[in-house]
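For reference, the structure is listed below as structure tokens.
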Amino acid sequence: MVQTVLLVILLIIVVLPPIFFSYMYALSKKPKHSIIRSHPYLGWLRYLLEKLGPEFRQYWFDSDTEGKPFSRADFVGLVYAAKYRTDLISFGGRRDYEKPGFYISNAMFPKLTSELKVDNEKTVVGKKYVITNEGLFTRREIFIEEQVKPWLLHDEDVIVVGENRRHPWRIKGMFGASATSFGAVGENYIQSTGSGALMAGGSWINTGEGGVAEVHLATGVDIVSQIGPGMFGFRDETGSFSIEEYKRKASLSPIKAFELKFHQGAKIRGGHLEGSKVTEKVAAARLVPVGKTVNSPNRFEFLTNPQEALRFIGTLQEEGGKPVGVKIVVGDPKRLEPFFQSMLDLEIYPDFITVDGSEGGSGATFKAMADGMGLPLFAALLILDDTARKFGVRDRFKIFASGKLITPDKVAIALALGADCVNSARGFMMANGCIMAMQCHTGKCPTGITTTDSKYQEALAPEEKQWRVMNYILQLREGLFSLAAACGLDSPCHLSREHVVFTNESGQSIRVIDLFPYPEPM
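To convert a position in the sequence shown, counted from 1, into the numbering used here, add 847.
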């Protein structure tokens, strides 16, 4: 026995290292990488460290507030809201208060919780984790069930989208899941997100441009069905738009509204889905061949001007009887004005406009577009709201906002700057377990979210993650009402530019209503 152990140790110490180093040296002569060819051992070590760099930075080297696209503090706060239904912190905030930014203005005499206009009459069943022991290497938790408040809007404040349609959409929650296409995300993600939003009540999911899948409908949640320039899920055999397929979708009761994707944050170039992600189910939802890489153009080919776009919107509103909106990225006010003038000329109005900030980015895109194309959300919201008011049509549609809105304070600021409702994509992804591994485009998401590979999808258990989604929604809505109360308001519906202050790098502060006063109609 002793001789065997000594022989094994001898083998490990004496024999294996020379074999390993010889193998690495031989391997270093094959690649064209200069560093590996000239410095084989250090070169491979450099490559390994470079590969592990993003993970090391996220967990060890970046400060809690400097990570991009989301800081560690924002990420951990969201995880705690989803898992433990709490966002309590100790010892003060971690925001850099010396940098310019928006702040919410509190009232001298805030509203009491009892004075809020909120629908909490019927509690719902919820589940959350409770930490029982926090060790150095382990965390012991129990999963408990309890009755929780839904934090829904009062009936008087219900948001009605498409009030002139045969089937208007009534919203009681103000916060839902932004567009993420089936194929770009897997069915386990859709199932958990849809089920969690349904349990929270008053929320919704947007299908993205990948069409309506069976798993969308199976969740029973309110659905916004997006129609992209590729017409996925709404096309005939030639790839052209099919009004018959549209009317079939419009007849489905879970589908509450349709959204034409004119632009999308970081993807003004058009959508892209690798053939490896186009499974049979994805192909069935998109009405495309299995295994074939699919792209969508950056514009509907048959819509070349505002008049054609609005007439198409009018046709869909009439044929389907449900609200129809558009999703845009704002470049500057002048580019919006012809669209609004055409609304007045034709007397055709979208039922809602979703404004996506350039910081939006749940999908893969070119770096140049992600970094330099379109305006950030808050600036875009002000321009869209101002332009609508200038043309006297702000009351003809609702505004949905999306773009890194994952916390109650950012959502509250978006509502104050002009939004009626808020969408979030990456917030719901993180509630489902996303660790910001930056592998969305590879189909090998380690948490089973942005993948259709059955092996990787197993990482996401919908029966557990649905409760995290529900908790995230409820915690965010409770935070919204708390912020509204601090402003002296009985509902977040009443947030306006009067309730937000902008502070510059010199410490000077000015109310947004004074910095950007509401324009008078023309």
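The C-beta atom is built at its ideal place from N, Cα and C for all residues, glycine as well.
Keep in mind it's a predicted model, so treat the numbers as computed, not measured.
The residue among M955, G1055, P1185 and K1094 with its C-alpha nearest the C-alpha of Q1111 is G1055. Under the Cβ criterion (8 angstroms, minimum of three pairs), the segment 1051-1065 does not count as touching the segment 1085-1093. Cβ neighbours of C1334 within its own chain (closer than 8 angstroms, five residues either side excluded): I951, S952, N953, A954, P957, L1342 and H1346. For G940, same chain residues with a beta-carbon under 8 angstroms away, outside a window of 5 residues either side, do not exist. Within the same chain, and ignoring the five residues on either side of A928 in sequence, the residues whose Cβ sits closer than 6 angstroms to its Cβ are D934, Y1319 and Q1322. With a cutoff of 9 angstroms on beta-carbon distance, F922 and L1327 are scored as not near each other. For R1095, the uninterrupted alpha helix (DSSP H) run begins and ends at I1090 to A1097, by DSSP.
For the beta strand (DSSP E) assignment, the uninterrupted runs of no fewer than 3 residues enclosed by the segment 1250-1326 are, from N- to C-terminal side, 1268-1271. Taken in chain order, the complete alpha helix (DSSP H) segments of 4 residues or longer contained in the segment 916-942 are 919-931. Shown here for R932: same chain residues with a beta carbon closer than 6 angstroms to its own, the five before and five after excluded, namely K975, N1318 and Q1322 in chain order. At a Cβ-Cβ threshold of 9 angstroms, Q1073 and K1174 count as neighbours. Scanning the segment 1145-1215 from its first residue to its last, the whole beta strand (DSSP E) runs of 3-plus residues come out as 1171-1175 and 1199-1203. Boundaries for F1225: no beta strand (DSSP E) harbours it, while the alpha helix (DSSP H) harbouring it runs L1224 to K1237, taken from the DSSP string. For R1013, there is no enclosing alpha helix (DSSP H), as DSSP marks it with neither H nor E.
Taking 4 residues as the shortest admissible run, the segment 1016-1057 contains the following complete alpha helix (DSSP H) segments, listed from N- to C-terminal end: 1034-1047. The beta carbons of G1067 and P1101 sit about 6 angstroms from each other, so the pair counts as a contact at 8 angstroms. In the three-state reduction of the DSSP assignment, V1137 falls in the coil class. By the criterion of a C-beta distance shorter than 6 angstroms, M1078 is surrounded in its chain by F1088, once the five residues flanking it on both sides are discounted. Relative to the Cα of S1353, the nearest Cα in the group R987, K946 and S937 belongs to K946. Contact annotation: the segment 1166-1173 touches the segment 1003-1020, with at least three C-beta pairs closer than 8 angstroms. Boundaries of the alpha helix (DSSP H) harbouring L1064: E1061 to T1066, taken from the DSSP string. Three or more beta-carbon pairs separated by less than 8 angstroms are not found between the segment 1225-1242 and the segment 966-985, which leaves the two stretches without contact.
Segment contact: the segment 1219-1234 against the segment 1035-1047, fewer than three CB-CB distances shorter than 8 angstroms; contact not assigned. A distance of 9 angstroms or more separates the beta carbons of F1187 and A1156.
Counting the other CB atoms within 10 Å of its CB gives N1351 a total below 16, which places it among the exposed residues.
With contacts defined as CB atoms closer than 9 angstroms, V1258 and L1228 fail to qualify as a contacting pair. In the three-state DSSP reduction, H1119 falls in the strand class (E or B).
For a cut-off of 8 angstroms, the C-beta gap from R1243 to Y1196 is around 4 angstroms, short enough to register as a contact.
In the DSSP assignment, no residue is bridged to V1240. In this structure, W1314 is the residue among D1083, W1314 and D1337 with its C-alpha nearest to the C-alpha of A1278. At a Cβ-Cβ threshold of 9 angstroms, G1280 and I1296 count as neighbours. Within the same chain, T1350 come within 7 angstroms of G948 by CB-CB distance, once the 5 residues on both sides are set aside.
Contact between the segment 1281-1294 and the segment 1044-1054 is absent, with fewer than three C-beta pairs closer than 8 angstroms.
Of the residues T1234, G924, M1276 and K969, the one whose Cα lies closest to the Cα of L1000 is K969.
Secondary structure of A1332 (DSSP, three-state): helix. Secondary structure note for L1362: its alpha helix (DSSP H) is the uninterrupted segment V1359 to L1362.
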